[in-house]
Amino acid sequence: MKSLPWLLAASLVAPGCAPSSVEANAPHSTTPRSIAAAVRVETVAHGLEHPWGLEFLPDGRMIVSERPGRLRLVTPDGRLSEPLQGVPRVFAEGQGGLLDVALSPAFEKDRLVYLSFSEPGEGGAGTAVARGRLGDRGIEGTEVIWRQRPKVEGPNHWGSRIVFRPDGTMFVTMGERYAYRERAQDLSVTLGKIVRIDPDGSVPRDNPFVDRKGALPEIWSYGHRNVQAAALDPGTGRLWTVEHGARGGDELNHPEAGKNYGWPVITYGIDYSGAKIGEGVAKAGMEQPVFYWDPVIAPSGVVFYTGDRYPGWKGSVFVGSLNPGLLVRLVLANGRVTREERYLGDLHERIRDVRQGPDGLLYLITDNPDGRILRLDPR
Numbered sequence: 266m267k268s269l270p271w272l273l274a275a276s277l278v279a280p281g282c283a284p285s286s287v288e289a290n291a292p293h294s295t296t297p298r299s300i301a302a303a304v305r306v307e308t309v310a311h312g313l314e315h316p317w318g319l320e321f322l323p324d325g326r327m328i329v330s331e332r333p334g335r336l337r338l339v340t341p342d343g344r345l346s347e348p349l350q351g352v353p354r355v356f357a358e359g360q361g362g363l364l365d366v367a368l369s370p371a372f373e374k375d376r377l378v379y380l381s382f383s384e385p386g387e388g389g390a391g392t393a394v395a396r397g398r399l400g401d402r403g404i405e406g407t408e409v410i411w412r413q414r415p416k417v418e419g420p421n422h423w424g425s426r427i428v429f430r431p432d433g434t435m436f437v438t439m440g441e442r443y444a445y446r447e448r449a450q451d452l453s454v455t456l457g458k459i460v461r462i463d464p465d466g467s468v469p470r471d472n473p474f475v476d477r478k479g480a481l482p483e484i485w486s487y488g489h490r491n492v493q494a495a496a497l498d499p500g501t502g503r504l505w506t507v508e509h510g511a512r513g514g515d516e517l518n519h520p521e522a523g524k525n526y527g528w529p530v531i532t533y534g535i536d537y538s539g540a541k542i543g544e545g546v547a548k549a550g551m552e553q554p555v556f557y558w559d560p561v562i563a564p565s566g567v568v569f570y571t572g573d574r575y576p577g578w579k580g581s582v583f584v585g586s587l588n589p590g591l592l593v594r595l596v597l598a599n600g601r602v603t604r605e606e607r608y609l610g611d612l613h614e615r616i617r618d619v620r621q622g623p624d625g626l627l628y629l630i631t632d633n634p635d636g637r638i639l640r641l642d643p644r
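Numbering (my numbering), first residue to last: 266 to 644.
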């Protein structure tokens with residue numbers, strides 16, 4: 266990996282530097298203990314190698330991505346298909362590989378499946394999005410519709426979730442590729458960005474930077490570190506994301522068009538070395554998180570729960586935690602977190618994705634060499 270020392274050095278502030286004078290007022294987690302939930306954890310399927318993304322097909326089957334580069338169908342009773350054909354070649358190193366899977370909003374008509382993945386190529390690798398039609402033997406007519414620019418060396422911080430908006434456009438969340446964190450502020454690249462594209466990979470004309478010289482037109486928001494959780498609030502249609510901090514500073518945000526979310530200039534975390542990152546926790550022109558975690562939860566996967574199967578949970582936001590390995594429930598009111606609860610700490614599992622099934626139950630996938638699909642059944 267090219268460490269680009271000058272980039273890393275530029276992001277550290279020497280001891281004694283004055284903090285930003287802009288007020289920082291982001292609320293943060295009180296790190297509540299994991300508590301017992303009135304659910305029974307059932308294993309639906311196992312034998313998945315580092316599963317990453319999960320979607321439900323209209324016929325009740327699930328489609329699951331495995332990070333080494335496989336895509337499988339899973340029946341409701343847990344039987345795994347052979348790996349599907351038509352998956353693009355992936356860069357399966359470090360945190361990279363086959364990432365999210367999403368269905369076209371018109372899937373029952375067009376059968377289109379979208380995949381985000383780490384794509385190898387000239388200069389290294391980068392996050393990309395491909396699509397193809399689900400057929401009898403796999404994904405047919407697979408084509409890459411969008412690529413992160415530029416491709417760089419290194420195995421970490423790819424993002425990446427795919428979220429469709431009601432208008433048919435799609436958000437794709439990125440990472441800044443770890444060693445290139447300063448470029449999260451650079452609008453000429455898509456490292457550390459959220460992009461908004463049309464289903465064919467073209468750029469919507471109402472994106473915030475379409476007419477800005479020197480900026481890539483697909484960018485929706487910038488200053489992100491590594492966004493592995495994203496979902497729309499079904500009530501408002503607003504995008505919400507949860508992104509990884511360094512040592513501290515995992516963030517809940519609702520990224521808005523054209524706004525700067527600060528990384529690595531402002532953050533509530535510190536470097537893994539213990540060094541300070543950037544200029545402090547606040548700066549004019551940069552957004553504060555809605556909520557942050559310190560210590561981190563290592564967030565991956567998020568869903569707004571709309572069902573009625575669990576008393577008191579309707580309308581809650583559920584976030585997967587890779588470390589310490591939990592399911593986090595957030596209650597939102599007027600755009601703010603009013604309550605946090607943590608469950609399933611006794612499982613000691615890395616929760617990679619969280620989805621609501623057509624039966625109104627919550628399904629989780631665990632990021633392990635023998636990964637599982639779990640279902641939370643009410644007691």
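Even for Gly, the Cβ is constructed at its ideal location relative to N, Cα and C.
About 7 angstroms separates the beta carbon of His489 from that of Met439, a gap short enough to meet the 8 angstroms contact definition.
The count of Cβ pairs closer than 8 angstroms, one atom from the region 608 to 622 and one from the region 314 to 327, reaches three, so the stretches are in contact. For Glu508, no alpha helix (DSSP H) encloses it; the enclosing beta strand (DSSP E) starts and ends at Leu504 to Glu508.
Collapsing the DSSP output to three states places Gln450 in a helix. A direct Cα-Cα distance of roughly 10 angstroms separates Gly625 from Leu641.
Closest in alpha carbon position to Asn525, among Gly539, Tyr537 and Phe474, is Phe474.
Straight across, the Cα-Cα distance linking Ser294 with Pro464 is about 36 angstroms. Taking a cut-off of 8 angstroms on C-beta distances, the region 420 to 440 does not touch the region 403 to 410, as fewer than three cross pairs fall below it. Counting along the chain, the unbroken alpha helix (DSSP H) around Glu373 starts and ends at Phe372 to Asp375. Between the region 378 to 396 and the region 362 to 369, the count of C-beta pairs closer than 8 angstroms reaches three or more; the two stretches touch. The region 594 to 607 makes no contact with the region 521 to 541: fewer than 3 CB pairs, one atom from each, lie closer than 8 angstroms. Within the same chain, and ignoring the five residues on either side of Pro370 in sequence, the residues whose Cβ sits closer than 6 angstroms to its Cβ are Phe429.
With a cut-off of 8 angstroms on Cβ pairs, the region 498 to 505 is in contact with the region 565 to 584, counting three or more such pairs.
As the crow flies, the alpha-carbon of Arg470 is around 9 angstroms from that of Pro482. Inter-residue distance for Gly479 and Glu347 is about 46 angstroms (C-alpha atoms, whole angstroms).
Assignment of beta-bridge partners to Asp642 by DSSP yields Arg305. Comparing alpha-carbon positions, the option among Tyr575, Pro560, Ile542 and Trp528 lying closest to Gln553 turns out to be Trp528. If you draw a straight line from the Cα of Glu544 to the Cα of Arg398, it is about 47 angstroms long. A direct Cα-Cα distance of roughly 16 angstroms separates Ala598 from Leu504. DSSP, read as helix, strand or coil, puts Leu612 in helix. For Tyr379, the beta-bridge partners assigned by DSSP are Ala367 and Arg396.
Looking at the backbone, the Cα of Pro643 and that of Leu629 are separated by about 15 angstroms. Where Thr438 is concerned, the enclosing beta strand (DSSP E) starts and stops at Met435 to Thr438. Around the Cβ of Asn472, a 10 Å sphere holds 16 or more other Cβ atoms; the residue is buried. For the pair Gly343 and Ala310, the CB atoms are nearer than the 8 angstroms cut-off. Approximately 5 angstroms separates the beta-carbon atoms of Gly334 and Ala357; this is inside 8 angstroms, confirming the contact. Rounded to whole angstroms, Gly419 and Ile459 show a C-alpha spacing of 20 angstroms.
Collapsing the DSSP output to three states places Gly545 in a strand.
In this structure, Val593 keeps its C-beta atom at 8 angstroms or more from the C-beta atom of Val602.
Judged by DSSP in its simplified three-state form, Trp578 adopts coil rather than helix or strand. Gln493 and Lys416 have their C-alpha atoms roughly 19 angstroms apart. Residue pairing by DSSP puts Leu319 in a beta bridge opposite Val329. Comparing alpha-carbon positions, the option among Asp515, Thr308, Ala301 and Ser581 lying closest to Leu639 turns out to be Thr308. Cβ-Cβ separation between Phe436 and Arg461: approximately 6 angstroms, consistent with a contact (criterion under 8 angstroms).
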